[in-house]
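Here the structure is laid out as structure tokens; the discussion comes afterwards.
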Amino acid sequence: MRARTAWLVFAGVTLLLGVLFFWPLGQVVSGGFWVDGRFTLRYLVGVFENPIYLEGLLNSLKIAVGTTGLALLVALPLAWIAHQFEFRGKAAWSSLVLVPMILPPFVGAIGFQQIFGAYGLVNTLLGLGPRDWLGGGQYAGVVLLQALALYPILYLNAVAALANIDPAMEEAAANLGSARWQRFRRITLPLMMPGLFAGGTLIFIWSFTELGTPLIMNYTRCAPVQVYDSLKEIGANPFPYALVSVMLAASVGLYAASRRLFGGRAHAMQSKASTPAAPRRLRGGRAALAALPFALVTGLALLPHLGVVLTSFATPGSWYQSVLPGAFTSANYVEALGHDMTVSSIRNSLLFASLAVGFDVVVGIAIAFVVVRSTIRLRGALDALAMIPLAVPGLVMAFGFLAVSSQLSNARWLADVDWWRRLVDVRTNPTLFLVLAYSVRRLPYMVRSAVAGLQQTSVTFEEAAANLGAPPARALWRVTLPLITANLIAGAMLTFAFSMLEVSDSLMLAQQAEYMPITKAIFELFQLLGTGKYVAAALGVWAMAFLTATLAGSSLLLGKKLGAIFRV
Amino acid sequence: MAVPITIENLTKRFGERTVLDGINLRIEAGELFFLLGPSGCGKTTLLRAVAGLNEPEEGRILAGERDVTRVPPHQRDMGMVFQSYALWPHMTLRENVAFGLEMRKVKRADIRARVARALELVKLADRAEAKPNELSGGQQQRVALARALVIEPQCLLLDEPLSNLDAKLRLEMRGEIRRICKEAGLTAIYVTHDQKEALSIADRLAVLDQGRLLQIGTPREVYERPVSRFVAQFIGETTFVEGRVRSTGGGRAEVETAAGVWRASCAGAVAEGAKVWLSVRPEAVRLHAEGGADDNVFTARLHGSMYLGEVAQHLAELPGGVTLKALEARPRVVARDGEKAEARVVVAAEDVQVLTE
Numbered sequence: 001m002r003a004r005t006a007w008l009v010f011a012g013v014t015l016l017l018g019v020l021f022f023w024p025l026g027q028v029v030s031g032g033f034w035v036d037g038r039f040t041l042r043y044l045v046g047v048f049e050n051p052i053y054l055e056g057l058l059n060s061l062k063i064a065v066g067t068t069g070l071a072l073l074v075a076l077p078l079a080w081i082a083h084q085f086e087f088r089g090k091a092a093w094s095s096l097v098l099v100p101m102i103l104p105p106f107v108g109a110i111g112f113q114q115i116f117g118a119y120g121l122v123n124t125l126l127g128l129g130p131r132d133w134l135g136g137g138q139y140a141g142v143v144l145l146q147a148l149a150l151y152p153i154l155y156l157n158a159v160a161a162l163a164n165i166d167p168a169m170e171e172a173a174a175n176l177g178s179a180r181w182q183r184f185r186r187i188t189l190p191l192m193m194p195g196l197f198a199g200g201t202l203i204f205i206w207s208f209t210e211l212g213t214p215l216i217m218n219y220t221r222c223a224p225v226q227v228y229d230s231l232k233e234i235g236a237n238p239f240p241y242a243l244v245s246v247m248l249a250a251s252v253g254l255y256a257a258s259r260r261l262f263g264g265r266a267h268a269m270q271s272k273a274s275t276p277a278a279p280r281r282l283r284g285g286r287a288a289l290a291a292l293p294f295a296l297v298t299g300l301a302l303l304p305h306l307g308v309v310l311t312s313f314a315t316p317g318s319w320y321q322s323v324l325p326g327a328f329t330s331a332n333y334v335e336a337l338g339h340d341m342t343v344s345s346i347r348n349s350l351l352f353a354s355l356a357v358g359f360d361v362v363v364g365i366a367i368a369f370v371v372v373r374s375t376i377r378l379r380g381a382l383d384a385l386a387m388i389p390l391a392v393p394g395l396v397m398a399f400g401f402l403a404v405s406s407q408l409s410n411a412r413w414l415a416d417v418d419w420w421r422r423l424v425d426v427r428t429n430p431t432l433f434l435v436l437a438y439s440v441r442r443l444p445y446m447v448r449s450a451v452a453g454l455q456q457t458s459v460t461f462e463e464a465a466a467n468l469g470a471p472p473a474r475a476l477w478r479v480t481l482p483l484i485t486a487n488l489i490a491g492a493m494l495t496f497a498f499s500m501l502e503v504s505d506s507l508m509l510a511q512q513a514e515y516m517p518i519t520k521a522i523f524e525l526f527q528l529l530g531t532g533k534y535v536a537a538a539l540g541v542w543a544m545a546f547l548t549a550t551l552a553g554s555s556l557l558l559g560k561k562l563g564a565i566f567r568v
Numbered sequence: 569m570a571v572p573i574t575i576e577n578l579t580k581r582f583g584e585r586t587v588l589d590g591i592n593l594r595i596e597a598g599e600l601f602f603l604l605g606p607s608g609c610g611k612t613t614l615l616r617a618v619a620g621l622n623e624p625e626e627g628r629i630l631a632g633e634r635d636v637t638r639v640p641p642h643q644r645d646m647g648m649v650f651q652s653y654a655l656w657p658h659m660t661l662r663e664n665v666a667f668g669l670e671m672r673k674v675k676r677a678d679i680r681a682r683v684a685r686a687l688e689l690v691k692l693a694d695r696a697e698a699k700p701n702e703l704s705g706g707q708q709q710r711v712a713l714a715r716a717l718v719i720e721p722q723c724l725l726l727d728e729p730l731s732n733l734d735a736k737l738r739l740e741m742r743g744e745i746r747r748i749c750k751e752a753g754l755t756a757i758y759v760t761h762d763q764k765e766a767l768s769i770a771d772r773l774a775v776l777d778q779g780r781l782l783q784i785g786t787p788r789e790v791y792e793r794p795v796s797r798f799v800a801q802f803i804g805e806t807t808f809v810e811g812r813v814r815s816t817g818g819g820r821a822e823v824e825t826a827a828g829v830w831r832a833s834c835a836g837a838v839a840e841g842a843k844v845w846l847s848v849r850p851e852a853v854r855l856h857a858e859g860g861a862d863d864n865v866f867t868a869r870l871h872g873s874m875y876l877g878e879v880a881q882h883l884a885e886l887p888g889g890v891t892l893k894a895l896e897a898r899p900r901v902v903a904r905d906g907e908k909a910e911a912r913v914v915v916a917a918e919d920v921q922v923l924t925e
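So the protein sequences, as listed, match chains A and B.
If you count the first sequence from 1, position 94 lands on 94 in the numbering used here, and the numbers rise without skipping.
In short: position in the second sequence from 1, add 568, done, that's the numbering used here.
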């Protein structure tokens, strides 16, 4: 790539991302610190002095710590087993164990209550009568649900980290007389640390700011829900801005700390693996024993979603103080399909997600090209810029976009211009901002996919094309893009799937029934009395089935490289 | 159309490191020219500069009369055979070979005919619809060659094209490449670190080290009249004997060494009393031969003999602790382990080169 072209792309992309990140974030920060034309720390201090906000922040912190810890406890043993042993069905189990990642925990929450609630399946089955398993508050439920949805990120990172360790490292330890468990503790685990921290950071930030699950679980005393509840007064009250700023600072701080601690790959392998890893082959009972944890974790993680499926087929009101619903019906699906909100929400989600994919594919390829194929000095900075959305919680971005929208739609000259309102006022039509929010939030996955593809594709393929007379654009089109198609499709599918089930942006930005995406529709339906919960479950099942199909496709295309996308 | 390639004062740096240091070179039209040197000497960098795949900091590259130094690679019309072949795995052989012609907007019917001819030339016409990864290394190499040749380039560039092949195939392809280049009348620049490849098929060759040109000449000139110890030992095997010049004249020098006085051939001017090295090729050392007036004759003890079939290799220990490597065709003398055979050793003055550096 010629330096001039690279700089041009660099400038364009930086400008675009700069506007898309820093304008909303700037709005958030200035909203909390810049009140009535002057700088003030009053609201920041106020957040910490207000017992309600303080409790919310602490509760969110507790959720994040609990979720990350639990996810680690689940993921690490699984990864170790997958790395150490070879057994029948391992490939299938290691894919199945990833499935919960794509099932939105906030949909699972609907089924979760049916199963673990006071009058739910578990208590009835055990004949315990109404007993509260989740400790009054819904804290344990929220943590369990999120950990069971997010552990695959850690699992993927741990497996990738293990695969990167030269088996000779462990062999050397064994040769010097160290037993299997000691080897793991003294050699393997320290070498895995960068990977574990990368995955852990993502989960921590994710669960710290997760909005959907606490909302459905009715756990209102955490910061994200408090922010959500204050949206109505967004114009007048600086406190939510200050609260969001605190969450932003905490997330970015954690992300930066983890990058600094384990920047890139701290323990870069000095050599490529000299011997292939030789997992021990297990047969019969031992093989079953190795598969058992996978089965348990997958089963437990799918249980809430099983609850959703059962709920979607239950005759409203028939699943109460019984193990299974008393009567089954498909009426919920019929009603869901007949419901205005449902049909339009599916259409909206498909549209928004497709537009976001289009945006991310173009921008992602451009960024990846500069990062991998150019030699300009600032290419690393561009890579880092594209990764920012991993550090910035969706809730914060959504809040920022909301603020930008309100600023733009109140612009003096254009406030009364109809098309302008339609474009920028989320209260009129949130399409633009929803698509931008989806795109920005999923850009890192697309960039990672494209970068991985380009790194695996020798530059000589492009040089050969140039040598035979292909101008850069044609070489890109005829040679480079076809060679990285699998990566691009996989990245696009992930972007698409995650946009379809995006919660924070959807809940916060979509306010008109007409423009609601699926997730917001599920939430709205859930709140309706009567059949609402059952219709919401039916819509949830549809969305999960759709996403499972999409992601199964992408993981087939990308194979083991899927893990590379979920690294910081 | 084959054109001469002129390289003027070319300098290329990667950061602080100077990889090419003021290279001057003229490659004639239709010439098969070799760039030879150890890895890291800059030969591939030079080739890539000619192809336009890197931009030199200083100097010019001319293709014929045209200055192409700043021309992007896709407008240079130089077919390159990459070391890794760089065959596009998502295209069939036919599509790979046709690519360059499509870029040149050649008519469809002509493309078909020319691709067929090119695949015929490299004996792969029957595999036209195969994908590159279905082929053996040798076949891939031939496709890469066909892809570069089919555009009838001004100049063919080959970057260690045979380094990924096994020894037998390498020998075969060497001859093929020369035949094809000569039949098409191509100017070709061939990069390799394999001196046998260079000696066997080059019209001329250049030896590079650390970004500098050390010597340019025909294979015979460079082998028989190396300009420095580096060139002498890089191309072929040799033994150096250190000494001081006693007298010079008539293309000969008398050199005082630990083994006595040698008569050696001396191309340039050497000061009397100067410290020099004599380069003696193993095959120039004759055992049990008759010595003439222009010959150096020693009595040596042979040891460390190795029987290699068509030849035997001996270490001949001369007086004063000087040891020469000697190659004996049709081996007669084979010393057993630990046994030291006496032998008369004869080296013609013509075969001993005086090197000053």
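Quick reminder that beta carbons are idealized off the backbone N, C-alpha and C, glycines included.
List the residues of chain A whose Cβ lies closer than 8 Å to the Cβ of ALA654 (chain B), in chain order. The count along the second sequence starts at 1 and reaches residue 654 (chain B) at position 86. Those within 8 Å of ALA654 (chain B) in chain A are SER458, THR460, PHE461, GLU463 and ALA464.
Which residues in chain A sit within 7 Å of ARG672 (chain B), going by Cβ to Cβ distance? Within the second sequence, the letter at position 104 stands for residue 672 (chain B). By Cβ distance, chain A contributes GLY469.
What is the DSSP secondary structure of ALA698 (chain B), reduced to helix, strand or coil? Within the second sequence, numbered from 1, the residue matching residue 698 (chain B) stands at position 130. If DSSP states are grouped into helix, strand and coil, ALA698 (chain B) belongs with coil.
Quick one: Cα of LEU593 (chain B) to Cα of ALA712 (chain B), how far? Translated into the one-based positions of the second sequence, residue 593 (chain B) becomes position 25. Translated into the one-based positions of the second sequence, residue 712 (chain B) becomes position 144. The alpha-carbon atoms of LEU593 (chain B) and ALA712 (chain B) are separated by roughly 26 Å.
Can you give the Cα-Cα distance for LEU121 (chain A) and LEU324 (chain A), rounded to whole angstroms? As a working note, residue 121 (chain A) is residue 121 in the first sequence. As a working note, residue 324 (chain A) is residue 324 in the first sequence. Going from the Cα of LEU121 (chain A) to the Cα of LEU324 (chain A) covers about 7 Å.
Under 7 Å (Cβ pairs) to chain A, residues found in the region 604–629 of chain B: ALA619 and LEU621
Verify the CB distance criterion: does GLY977 (chain B) have a CB-CB separation below 8 Å to chain A? Residue 977 (chain B) falls outside the range modelled here, since chain B spans only 569 to 925, and no answer is possible.
Hey, quick one: how far does the alpha helix (DSSP H) through ARG42 (chain A) stretch, first residue to last? On the first sequence, position 42 is the one that residue 42 (chain A) refers to. Looking at the DSSP string, the run of the alpha helix (DSSP H) that includes ARG42 (chain A) is 42–49.
In angstroms, rounded to a whole number, what distance separates the CA positions of PRO482 (chain A) and THR550 (chain A)? Residue 482 (chain A) sits at position 482 when you count from the first residue of the first sequence. Residue 550 (chain A) sits at position 550 when you count from the first residue of the first sequence. In a straight line, the C-alpha of PRO482 (chain A) is about 21 Å away from that of THR550 (chain A).
Would ALA450 (chain A) and ILE489 (chain A) qualify as a contact pair, given that the criterion is a beta-carbon distance under 8 Å? Numbered from 1 along the first sequence, position 450 holds the residue referred to as residue 450 (chain A). Numbered from 1 along the first sequence, position 489 holds the residue referred to as residue 489 (chain A). Not in contact: ALA450 (chain A) and ILE489 (chain A) (Cβ atoms no closer than 8 Å).
Could you check how far apart the C-beta atoms of GLY364 (chain A) and VAL447 (chain A) are, in whole angstroms? I think they sit under 8 Å. Looking up residue 364 (chain A) in the first sequence gives position 364. Looking up residue 447 (chain A) in the first sequence gives position 447. About 5 Å separates the two Cβ atoms, so the contact holds.
Quick check on this structure: which residue in B:VAL775, B:ARG898, B:ASN664 and B:VAL890 has the alpha carbon closest to the alpha carbon of ARG869 (chain B)? Looking up residue 869 (chain B) in the second sequence gives position 301. With distances taken between Cα atoms, ARG869 (chain B) lies closest to B:VAL890.
Kindly indicate if chain B contains any beta-carbon less than 8 Å away from that of PRO482 (chain A). For the purposes of this step, residue 482 (chain A) is taken as residue 482 along the first sequence, with counting starting at 1. Taking Cβ atoms only, chain B reaches closer than 8 Å to PRO482 (chain A), which makes this a yes.
Quick one: what's got a C-beta closer than 8 Å to ARG4 (chain A)'s C-beta in the same chain, skipping five residues either side? Walking along the first sequence from the start, residue 4 (chain A) turns up at place 4. Nothing meets the Cβ criterion.
Based on the DSSP secondary-structure assignment, which residues constitute the bridge partners of TYR875 (chain B)? By 1-based counting over the second sequence, the position of residue 875 (chain B) is 307. Answer by DSSP bridge pairing, in chain order: B:ALA880.
Taking all protein chains shown into account, do 16 or more other C-beta atoms lie within 10 angstroms of the C-beta of PHE867 (chain B), making it buried, or fewer, making it exposed? Taking the second sequence and counting its residues from 1, the one referred to as residue 867 (chain B) is at position 299. The sequence shown places Thr at residue 867 (chain B), not Phe. Label assigned to THR867 (chain B): exposed.
With C-beta atoms as the reference, is MET646 (chain B) less than 8 Å away from VAL683 (chain B)? Stepping through the second sequence from its first residue, residue 646 (chain B) is reached at position 78. Stepping through the second sequence from its first residue, residue 683 (chain B) is reached at position 115. Cβ atoms of MET646 (chain B) and VAL683 (chain B): not closer than 8 Å.
Please confirm whether any heavy atom of the ligand ADP lies closer than 7 Å to the CB of ALA714 (chain B). Among the components of this structure there are no ligands whatsoever, and the ligand ADP is therefore not found.
Measure the beta-carbon distance from ALA716 (chain B) to SER458 (chain A) and round it to whole angstroms, keeping in mind my assumption that it falls under 8 Å. Translated into the one-based positions of the second sequence, residue 716 (chain B) becomes position 148. Translated into the one-based positions of the first sequence, residue 458 (chain A) becomes position 458. Not confirmed; about 17 Å, so no contact.
For GLY859 (chain B), which residues of its own chain have a beta-carbon under 8 Å away from its beta-carbon, when the five flanking residues on both sides are left out? Working through the second sequence from its first residue, we reach residue 859 (chain B) at position 291. So the list reads VAL865, ARG912 and VAL914, once near-sequence residues are dropped.
Of the residues A:ASP166, A:LEU539 and A:ALA64, which one's Cα is nearest the Cα of MET192 (chain A)? As a first step, residue 192 (chain A) is located in the first sequence; it is residue number 192 there, counting from the start. Closest option to MET192 (chain A), Cα to Cα, is A:ASP166.
Could you give the uninterrupted runs of the alpha helix (DSSP H) lying entirely in the region 597–632 of chain B, keeping only those of 4 residues or more? Counting only runs of 4 or more, we get 611–619.
Can you list the residues of chain B that VAL479 (chain A) reaches, using a CB-CB cut of under 9 Å? Taking the first residue of the first sequence as position 1, residue 479 (chain A) is located at position 479. Ordered by position in chain B, the residues that pass the 9 Å Cβ test against VAL479 (chain A) are TRP656, HIS658, MET659 and PHE667.
For VAL297 (chain A) and GLY32 (chain A), the rounded distance between their alpha carbons: Here residue 32 (chain A) is taken as the residue at index 32 of the first sequence, counted from 1. Here residue 297 (chain A) is taken as the residue at index 297 of the first sequence, counted from 1. Their backbone Cα atoms lie some 42 Å apart in a straight line.
For LYS520 (chain A), count the other beta carbons within 10 Å of its own beta carbon; 16 or more makes it buried, fewer makes it exposed. Which is it? Position 520 of the first sequence, counted from the start, is the residue given in the question as residue 520 (chain A). Buried, by the Cβ-count rule.
Quick one: measure Cβ to Cβ for GLY620 (chain B) and ARG644 (chain B), integer angstroms, because I've assumed they're closer than 8 Å. Position 52 of the second sequence, counted from the first residue, corresponds to residue 620 (chain B). Position 76 of the second sequence, counted from the first residue, corresponds to residue 644 (chain B). Confirmed, Cβ separation roughly 5 Å.
Could you name the residues of the same chain whose beta carbon sits closer than 8 Å to that of GLN138 (chain A), not counting the 5 residues immediately before and after it, in chain order? Position 138 of the first sequence, counting from 1, holds the residue named residue 138 (chain A). Same-chain partners within the cutoff: PRO214, MET217, ASN218 and TYR219.
What is the C-beta distance between LEU434 (chain A) and ASP360 (chain A), in whole angstroms, given that I count them as a contact (C-beta under 8 Å)? As a working mapping, residue 434 (chain A) is identified with position 434 in the first sequence. As a working mapping, residue 360 (chain A) is identified with position 360 in the first sequence. Not a contact, Cβ separation roughly 14 Å.
Ranges of the alpha helix (DSSP H) found wholly within the region 6–73 of chain A, counting only runs of at least 4: 42–49
Does MET648 (chain B) come within less than 8 Å of chain A when only Cβ atoms are used? Here residue 648 (chain B) corresponds to residue number 80 of the second sequence, with the count starting at 1. So yes, MET648 (chain B) belongs to the interface.
Got a sec: is the Cβ-Cβ distance from ILE745 (chain B) to anything in chain A below 8 Å? In the second sequence, the residue the question calls residue 745 (chain B) occupies position 177. Output row for ILE745 (chain B): interface = no.
Under 8 Å between beta-carbons, which chain A residues line up against PRO641 (chain B)? List them in chain order, please. If you number the second sequence from 1, residue 641 (chain B) lands on position 73. Ordered by position in chain A, the residues that pass the 8 Å Cβ test against PRO641 (chain B) are GLU463, ALA466 and ASN467.
Could you please give me the residues that DSSP links to PHE85 (chain A) through a beta bridge? For this step, residue 85 (chain A) is matched to residue 85 along the first sequence. The partner list for PHE85 (chain A) (beta bridge, DSSP) reads A:ARG280.
Contact under 8 Å by Cβ, LEU378 (chain A) with LEU509 (chain A): Within the first sequence, residue 378 (chain A) is the residue found at index 378, counting from 1. Within the first sequence, residue 509 (chain A) is the residue found at index 509, counting from 1. Their beta carbons are not under 8 Å apart, which means LEU378 (chain A) does not touch LEU509 (chain A) by this criterion.
Inter-stretch contact at 8 Å, needing at least 3 Cβ pairs: the region 765–779 of chain B / the region 587–604 of chain B: yes
Considering GLY590 (chain B), what are the terminal residues of the beta strand (DSSP E) in which it resides? Here residue 590 (chain B) refers to the residue found at position 22 when the second sequence is read from its first residue. Annotation for GLY590 (chain B): the continuous beta strand (DSSP E) segment containing it runs 585–595.
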